[in-house]
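What follows is a short report on a single structure.
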Amino acid sequence: MTTSNKNASPSVTEREEDDPIIKLQPSRLEDYFFPTHRLKSRLEDNTKEPLVIVACGSFSPITYLHLRIFEMAKDYIIDNTHFEIIGGYYSPVSDHYTKEGLAPSHHRVRMCELAVERTSQWLMVDAWESLQAEYTQTALVMDHFNEEVNTKRGGVTIADGETRKVKIMLLAGGDLIESFKVPKLWLDEDLHHILGDYGVLIVERTGADVWATPSQDSDVNIRSA
Amino acid sequence: MTTSNKNASPSVTEREEDDPIIKLQPSRLEDYFFPTHRLKSRLEDNTKEPLVIVACGSFSPITYLHLRIFEMAKDYIIDNTHFEIIGGYYSPVSDHYTKEGLAPSHHRVRMCELAVERTSQWLMVDAWESLQAEYTQTALVMDHFNEEVNTKRGGVTIADGETRKVKIMLLAGGDLIESFKVPKLWLDEDLHHILGDYGVLIVERTGADVWGFLLSHDILYQHRKNVYVIKQLIYNDISSTKVRLFVKRGMSIKYLLPNAVIKYIQANGLYK
């Protein structure tokens with residue numbers, strides 16, 4: 001306990017504490033539940049399209065850069081688009097991805113939870129992908145979020161009681177774009193699905209690199225931050 | 001309170017909390033006291049030379065980069081030198097420095113305290129420089145630390161009860177080196193005092209540039225044994241200037257600096 005002065009009352013100087021009751025993601029698929037504790041169920045502004053952002057990755061471990069990427073996307077969306085963000089999710093990859101440096105998935109999920117549970121008001125961690133019996137394509141992870149948010153829960157409620165479908169977008173760094181260049185890494189149908197039916201937010205340092213790649217594709221739905 | 005599982009006991013997942021009883025630096029010079037709550041009074045390893053590191057700067061606001069710089073210096077010192085760190089201090093510059101973007105000093109001191117009090121085991125904040133009636137030269141700030149640690153307190157105790165004088169070094173980024181290039185900005189005698197009697201730890205991205213300059217600058221070269229160049233291995237360029245700009249434009253500054261500092265900025269309406 002610090003001796004307080006008038007500029008330092010506990011409520012003012014919140015020490016990264018945010019004490020809601022958060023259920024942690026389980027480590028077995030049979031106990032899995034979709035986290036919604038920070039998912040807005042009502043759209044605040046009817047003129048906006050509701051949006052959920054999903055970041056897939058190893059997060060081994062999650063860093064401040066991963067956290068910043070969501071914040072940068074949020075600022076960009078507020079300033080440049082018609083979307084209203086209703087929630088953001090980290091979806092750590094499963095251990096089947098067999099990449100060097102991958103800590104066991106339950107650890108990576110837990111680290112992501114630690115990173116967001118007390119520092120964020122809108123980010124959550126979803127363990128679904130990490131709990132799958134085999135490696136899950138990004139397109140299927142997006143489908144899972146669409147299933148949970150829209151199919152099972154009907155999207156968000158808007159003022160007059162009606163519901164509106166939520167757009168799901170993938171959030172990624174420049175390495176995602178680089179991966180698009182790798183021949184045969186992505187199936188065309190998956191690219192159409194991810195880019196066309198969902199959408200991608202790419203956080204990059206040099207916008208030029210990003211724009212050089214997708215201009216060759218005709219039905220691309222990319223926003224670059 | 002989160003429902004716990006076996007991998008997540010509170011002691012394992014320390015939430016950046018460190019709850020010692022810390023007295024905050026006062027906002028009036030007459031109430032000033034030198035902070036020692038994290039200053040080691042005993043040297044653990046007799047074969048080492050005790051060291052206190054001082055970082056001078058605006059810290060308007062303090063960011064994760066400022067915090068990282070101390071950590072990088074610590075790693076370097078452990079791995080490459082004979083020093084044992086007994087404490088580290090932020091010494092925020094006074095308002096007389098009249099630099100653009102400088103929040104009032106009591107705010108900057110408080111933000112530094114918020115940044116370190118719950119996240120560090122060895123860093124402290126000293127308000128002495130910020131409380132002075134006029135701008136204080138860096139050489140005099142170093143003298144103040146020397147006075148407090150060595151003259152008034154006799155340095156550290158070593159195993160057999162004897163005391164040993166503590167070395168005081170200045171910690172800085174590449175901008176300090178750049179400032180050495182500015183003609184007449186530093187008095188030669190001050191350079192000799194800071195570099196010769198104390199010493200400097202410089203955290204830089206491109207070690208080559210600093211070494212090249214060291215070779216070309218007579219006084220720096222003369223005291224090169226007291227100048228330690230630490231290369232940043234993970235590049236981090238969080239800029240206080242940009243943070244202030246983001247605040248002004250209503251953009252998110254989360255994860256660029258500790259949440260406690262962000263909340264303080266919001267609560268006190270700083271940088272709008």
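Top line first, the protein sequences correspond to chains H and B.
Per the UniProt record's numbering, the very first residue in the first sequence carries number 1; after that it's consecutive.
Per the UniProt record's numbering, the very first residue in the second sequence carries number 1; after that it's consecutive.
Built from N, CA and C at the ideal position, the CB exists for glycine as well.
- Taking every protein chain shown into account, the CB of residue 25 of chain B has 16 or more other CB atoms within 10 angstroms, so this residue is buried.
- Under the three-state reduction of DSSP output, residue 120 of chain H falls in the coil class, being neither helix nor strand.
- Around the beta carbon of residue 200 of chain B, a 10 Å sphere encloses 16 or more other beta carbons of the protein chains shown; the residue is thus reported as buried.
- In this structure the segment 250 to 270 of chain B lies against the segment 108 to 120 of chain B, because at least three pairs of beta carbons, one per stretch, are closer than 8 Å.
- Beta bridge pairing from DSSP links residue 91 of chain B with B:56.
- Within the segment 230 to 252 of chain B, the residues whose Cβ lies closer than 8 Å to some Cβ of chain H are 251, 252, listed in chain order.
- Counting along the chain, the unbroken beta strand (DSSP E) around residue 167 of chain H starts and ends at 167 to 173.
- Chain B places a beta carbon closer than 8 Å to that of residue 75 of chain H, counting this residue as a contact.
- At least one beta carbon of chain B lies nearer than 8 Å to the beta carbon of residue 71 of chain H.
- Counting of Cβ neighbours within 10 angstroms places residue 37 of chain H among the exposed residues, the total staying below 16.
- For residue 90 of chain B, the nearest beta carbon of chain H is not closer than 8 Å to its own beta carbon.
- Taking 8 Å as the upper bound for CB-CB distance, residue 202 of chain B and residue 142 of chain B are not in contact here, some 15 Å apart.
- For residue 238 of chain B against residue 65 of chain B, the beta-carbon gap comes to about 4 Å, under 8 Å, which counts as contact.
- Per DSSP, residue 57 of chain H lies in no alpha helix (DSSP H); the unbroken beta strand (DSSP E) holding it starts and ends at 49 to 57.
- Pairing residue 243 of chain B with residue 178 of chain B, the inter-Cα distance amounts to about 22 Å.
- Judged by their CB atoms, residue 170 of chain H and residue 54 of chain H are nearer to each other than the 8 Å cut-off.
- Within the segment 153 to 216 of chain B, the runs of beta strand (DSSP E) at least 3 residues long that lie entirely inside it are, in chain order, 167 to 173, 200 to 204.
- Take the alpha-carbon of residue 41 of chain B and the one of residue 48 of chain B: they are about 14 Å apart.
- Closer than 8 Å to the CB of residue 97 of chain H there is not a single CB belonging to chain B.
- Listed along chain B are 252, 254, 255, 256, each with a C-beta nearer than 9 Å to that of residue 68 of chain H.
- Taking the Cα positions, residue 137 of chain H is about 11 Å away from residue 96 of chain H.
- Taking C-beta atoms as the reference points, residue 62 of chain B and residue 257 of chain B count as a pair closer than 8 Å.
- In the three-state reduction of the DSSP assignment, residue 74 of chain B falls in the helix class, which pools H, G and I.
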